[in-house]
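In my numbering, the protein residues as written are 4 to 331.
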């Protein structure tokens, strides 16, 4: 059984969260991008849909968003208190929430999420902190500072998981069917080499390793996917690029790549994946571009051309020629 006192790492069978896989730097990176994730995930979906509950007693997407920003603020405040004084007495956290549906303005919710996410990011990145400090609850239990901010990451990502699942159930977001063209792994670095199949767990593909652990290997970077049509388009521009060169684990075809977004669900082989964030290109990929401009595949500069990372929601096996179902 997990605990927030720092003795037993938090774990969740439903969403796959495992505190042992999260560094504090990963927590900071997640919250720095919290507002971006929600904005991209909800883009183009009508406000009526975002305010509609998918089932009785289940929050709408914007109810989840409002709750997530509030809980992020509460967790940050608690962590600030504990970091400021070891063994500090913590206030009782009130239980709240409305039973009936509430209507929210999407832009206001997104602004709140971005603000609170950046606030927790600044706290975690604020230099050396006494992360082993604990706070004392009125009930007598203890909460460790490091465990609390890691719990905040669990709370936020679990809500992302819930929202993605509920929007999918309502038919919102991209859909399509494709095929795995190539499975790619490496001992570190690029290009990755083709393999006929790979076992996939929460950490990614078996046998695949990252040479740069600072910028890779985060829980939300378990699997990297890219489109064979995008690669072909780049090759037609004259760039010496091919599947596996830019470091994607799965090269897929047939999907509406320009419509890819955070939260999109993919059934690939016997695995369930969920898109998290676009992969940020780096100078190591400059050799695949005639002018060395690796930002040619940056999501910010050229939407629709980037590689995408994904969480592993259900481990399994992926093989070449497996069907890929987007919005499954």
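All C-beta atoms, glycine included, are put in the ideal place defined by N, C-alpha and C.
In the DSSP annotation of this structure, the continuous segment of the beta strand (DSSP E) that includes residue 321 starts and ends at 319–322. Under the three-state reduction of DSSP output, residue 202 falls in the strand class.
Annotation for residue 318: 203, 204 place their beta carbon closer than 6 Å to its own, counting only its chain and skipping 5 residues before and after. Listed as beta-bridge partners of residue 183 by DSSP are 255. A straight-line Cα-Cα distance of about 17 Å links residue 150 and residue 125. Annotated three-state conformation of residue 311 is strand, per DSSP. CA-CA distance, residue 268 to residue 220, rounds to 20 Å.
Around the beta-carbon of residue 23, fewer than 16 other beta-carbon atoms lie within 10 Å, marking it exposed. In the DSSP assignment, residue 39 falls within the alpha helix (DSSP H) that extends over 37–45. Going by C-alpha positions, residue 18 is about 25 Å away from residue 80.
Under the Cβ criterion (8 Å, minimum of three pairs), the region 190–201 does not count as touching the region 255–269. Here DSSP, grouped into helix, strand and coil, assigns residue 164 to helix.
Between the region 181–194 and the region 302–314, the count of C-beta pairs closer than 8 Å stays below three; the two stretches do not touch. For residue 72, the enclosing alpha helix (DSSP H) starts and ends at 64–87. Residue environment: residue 108 is assigned as exposed (fewer than 16 neighbouring CB atoms within 10 Å of its CB, all protein chains considered). Looking from the CA of residue 9, the closest CA among 152, 93, 63 belongs to 152.
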